[in-house]
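Residue numbers (this note's numbering): 5 to 481.
By construction, the Cβ of each residue, glycine as well, lies at the ideal position given by its N, Cα and C atoms.
These notes are about the structure you will find just below.
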Amino acid sequence: MLRSAESHNARATGTDLAFQRCINPSCGATYEARSVRTSCDRCGDLLDVDYDWDRAGLPSRMNEFEAMWSRRHDPVRFSGVWRFHELLPFVPTDQVITVGEGQTLLQQTDAVGKYVGMDAGRLHLQYEGMNPSGSFKDNGMCAAFTHAHMMGAKRAACASTGNTSASLALYCSATQLMKAVIFIGSGKISYGKLSQALDYGALTIQIAGDFDDAMLRVKQITQELGIYLVNSVNPFRLEGQKTIMYRVLEALRWEVPDWIVVPGGNLGNSSAFGKAFMELKQHGLIDRVPRLAVINASGADTLHELVERRGVRWNSGNVDMDPIRAYNDHMDREALRADTIASAIEINRPVNLKKCLRALDFMDGVVRQVSDQEILDAKSRVGAGGFGCEPASAASVAGAKLLRREGVIAPSDRVVCILTGHELKDPTATVAYHTTDQEVFNSVLGSRGVTTANFANRAVPVPNELDDIIKAIRLYS
Ligand SMILES: *Cc1c(COP(=O)(O)O)cnc(C)c1O
Ligand SMILES: [Zn+2]
5 MLRSAESHNA RATGTDLAFQ RCINPSCGAT YEARSVRTSC DRCGDLLDVD YDWDRAGLPS
65 RMNEFEAMWS RRHDPVRFSG VWRFHELLPF VPTDQVITVG EGQTLLQQTD AVGKYVGMDA
125 GRLHLQYEGM NPSGSFKDNG MCAAFTHAHM MGAKRAACAS TGNTSASLAL YCSATQLMKA
185 VIFIGSGKIS YGKLSQALDY GALTIQIAGD FDDAMLRVKQ ITQELGIYLV NSVNPFRLEG
245 QKTIMYRVLE ALRWEVPDWI VVPGGNLGNS SAFGKAFMEL KQHGLIDRVP RLAVINASGA
305 DTLHELVERR GVRWNSGNVD MDPIRAYNDH MDREALRADT IASAIEINRP VNLKKCLRAL
365 DFMDGVVRQV SDQEILDAKS RVGAGGFGCE PASAASVAGA KLLRREGVIA PSDRVVCILT
425 GHELKDPTAT VAYHTTDQEV FNSVLGSRGV TTANFANRAV PVPNELDDII KAIRLYS
């Protein structure tokens, strides 16, 4: 395990200034940071991690964090999460766990920008696939894992469409501090993600059902057996995910962009981004707030349906639950289940719905849905104009393109699309898109309403003859 060389300084830090608070303002119950919970005992709502900021020793300007770059010999300040420890001080720096997460990149790309419809220099892609386990989940996992260790946990569990389990399994294998127990739905997980969980040695429970079924079960089982739950209902996860926004600001030399565009699954990321900006604004560390666009796949569009069609709003914390219940009942009655090639966002009932509504409210946000066709076309453009991503991640680029077409995003806006997962997470989807084999195409993509691979880069079959090979290269290059 990598430990900090930084001594625990005199400044108040750690659990003495952190606590958990119910997000429902009319409840507002608080709990110790040193307790394991995923909901409010009093009203059942979600919890935030909050701090006594007056004692927290905040920097006066964001660029003070640049001083941490010279301390990269210290694993804590090498980490792209814990480098910003002052903004998530729920644990002293000498108890922080890191595997080197958050060494990610903001790429400005005009090739993809042109596809989206942006002016030159305005589109940025935040590559969270560069994390140790290949997705943004590591940002949150290192925080939840640190809390789990702080609480003395020996086992940690999650339900997962793949990336959360890969991340948990990695933290367990790299630190040897806990045993990972992961729950996945049957036949839903991509090989890239499953192979990680297996290779890292996690106990992998594959139940007959989908993500939402696995989520229900893991909640029961963690309570029954006293196993620490690391899904994004865990408020400490979201503390780590706030740092994605800090790194975006850092890469933009602390200038706030106009838009953050992110795929929406369980809505942990969008919720964490909202909290990050609420806090930075509250501390006077930024002068304005970017707008938020959360992008659903049209095959898993609960948030879009609720916000854009049924008018559900944060409403100062008094969320009208009736339309939400009505929609859930309708889904159950009609046996409607999420179905999209973007398996990481294939979710029926997003667990962080209310926190996301709060983020949308604070960041003047919008929600859109994009088809699997749009997702895969956008994904191929990201691959051809950048470092590539998995299908769910490309929903952000497809969503930005849609919002450009609608005129909601202006061509001169500065836009940051979050690419949540690595290109190699789901090679099946990529190969099916580019294949010449109609059977492969149909079996993977046909049922998802994908009709044509508009940007397919097909392999060229050539006889094993020098002349034919030369001819083919001359013809196609
Ligand atoms: C988990 C995940 C998402 C969904 O993020 P939420 O925070 O659950 O909305 C999107 N893309 C990828 C690659 C993921 O792993
Ligand atoms: Zn409460």
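Looking at the backbone, the Cα of V85 and that of Q442 are separated by about 44 angstroms. If only complete runs of 3 or more residues are kept, the region 361-432 shows the beta strand (DSSP E) at 370-374 and 419-423, in order along the chain. Three or more pairs of CB atoms, one per stretch, sit closer than 8 angstroms, so the region 123-134 contacts the region 412-421.
Comparing alpha carbon positions, the residue from F215, V40, L220 and S171 closest to G196 is S171. Contact holds between the region 147-158 and the region 227-245, because three or more Cβ pairs, one in each stretch, are under 8 angstroms apart. Residue burial is scored here from C-beta neighbours: A161 has at least 16 other C-beta atoms within 10 angstroms and is therefore classed as buried. Judged by DSSP secondary structure, S236 falls outside any alpha helix (DSSP H); it is assigned neither H nor E.
The shortest C-alpha to C-alpha distance from K358 to any of A22, L51 and D343 is the one to L51. Of the residues assessed, N458 falls on the exposed side of the cut-off, its CB having fewer than 16 other CB atoms within 10 angstroms. Burial is judged here by how many other beta carbons sit within 10 angstroms of a residue's own beta carbon; S275 has at least 16 and is buried. Q112 is bridged by DSSP to H128. The closest CA to that of V374, considering only A157, V265 and V323, is found on V265. With fewer than 16 other CB atoms across the displayed protein chains lying within 10 angstroms of its CB, N322 is exposed. If you keep only unbroken alpha helix (DSSP H) runs of at least 4 residues inside the region 244-274, you get 247-255. F23 places its beta carbon less than 9 angstroms from that of D54. In this structure, the CA atom of I345 is about 37 angstroms from the CA atom of P79. At least 9 angstroms separates the beta-carbon of G117 from that of K429. Near ligand 2, residues with a Cβ at less than 6 angstroms from any of the ligand's heavy atoms are C26, N28, C31, A33, C44, R46, C47 and D49; the list follows chain order. Fully contained in the region 152-236 are the following alpha helix (DSSP H) runs of length 4 or more, in chain order: 167-179, 195-203 and 215-229. Bounds of the alpha helix (DSSP H) holding D471 are L470 to Y480.
Just measuring C-alpha positions, the residue of M122, Q227 and T42 sitting nearest H151 is T42. By the beta-carbon neighbour count (other beta carbons within 10 angstroms, threshold 16), M155 is exposed. Of the candidates S451, G411 and Y250, the residue whose Cα lies closest to the Cα of D343 is S451. For the pair R353 and N332, the CB atoms are nearer than the 9 angstroms cut-off.
Counting only residues of its own chain and dropping the five nearest sequence neighbours on each side, L220 has no CB closer than 6 angstroms to any other CB.
A contact is defined here as three or more CB-CB pairs under 8 angstroms, and the region 107-122 meets this definition with respect to the region 400-414.
Comparing alpha-carbon positions, the option among K158, V298, T434 and I351 lying closest to V234 turns out to be K158. Considering only N461, E338, L256 and V355, the residue with the shortest C-alpha distance to D381 is N461. By the beta-carbon neighbour count (other beta carbons within 10 angstroms, threshold 16), S39 is exposed. With contacts defined as CB atoms closer than 9 angstroms, E350 and K192 qualify as a contacting pair. Bridge partners of C26 according to DSSP: L51.
The beta carbon of R385 sits closer than 6 angstroms to the beta carbons of V116 and Y119 from its chain, once the five residues preceding and following it are set aside; these are given in chain order.
For V466, there is no enclosing alpha helix (DSSP H), as DSSP marks it with neither H nor E. Membership of N332 in any beta strand (DSSP E) is not indicated; the residue belongs instead to the alpha helix (DSSP H) covering D326 to R337.
Here the distance from the Cβ of N270 to the nearest heavy atom of ligand 1 is below 8 angstroms.
For E378, the distance from the CB to the nearest heavy atom of ligand 1 is not below 8 angstroms.
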